[in-house]
Amino acid sequence: MNALAELNRLPETKSEQESFVNMAIGEILEEQNPLTIDVKLKILEDTIKKIRTDVRVKNLLIEEIEKYGKEGVNVNGADIKLSQRKTIDFSNDNECVRLKAELKARETLLKETGAIPETGESLITKHSEFISIKY
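Position one of the sequence shown corresponds to residue 3 (the working numbering), numbered consecutively onward.
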């Protein structure tokens, strides 16, 4: 099996993606066992995440993008360029550390009780269901 050949069968542009999604949803709605499809989708989602977060792949992508300079490059309608993000370490600020600890303690209390202790007002606005898949 050639893994990249399998990827090449998937949509390559936003319009192809929209078409693919609509076709897939239509087929899922008619499927006899949609749970099997959902497990496959979850595995595919996790597979893509593992590939995209692999440090070797990231480094290769950075090297390739650097060839195009600050403007970056457009591939199949997607603009690709390197961006930078600042990360600030708040742990050196004692006031921030104290406030975060207080906030965490308050949130824990509210989660346990589901209400504001001083007034008894409920904080639960809705219950939502979700699908959990573990493999």
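Here a beta-carbon is modelled for each residue, glycine too, at the ideal position from N, C-alpha and C. Treat the numbers as computed from the prediction; the structure is a model and nothing was measured.
Option in the options with minimal Cα separation from residue i
i	options	result
Ile64	Lys52, Ile50, Ile82	Ile82
Leu46	Glu97, His129, Glu8, Lys102	Glu8
Ile109	Ile126, Glu68, Ile90, Tyr137	Here residue 109 turns out to be Glu, not Ile, going by the sequence shown. Nearest of Ile126, Glu68, Ile90, Tyr137 to Glu109, Cα basis: Ile126.
Residue(s) in a DSSP beta bridge with residue i
i	result
Ala80	Val77
Ala117	Ser124
Where the alpha helix (DSSP H) containing residue i begins and where it ends
i	result
Arg54	36-55
Ser17	16-32
Leu9	5-10
Just checking, does the segment 62-80 make contact with the segment 5-17 on the three C-beta pairs under 8 Å criterion?
yes
For the pair the segment 82-99 and the segment 51-68, tell me if three or more CB-CB distances fall below 8 Å.
yes
Touching or not, the segment 35-42 and the segment 122-137, by the rule of three or more beta carbon pairs under 8 Å?
yes
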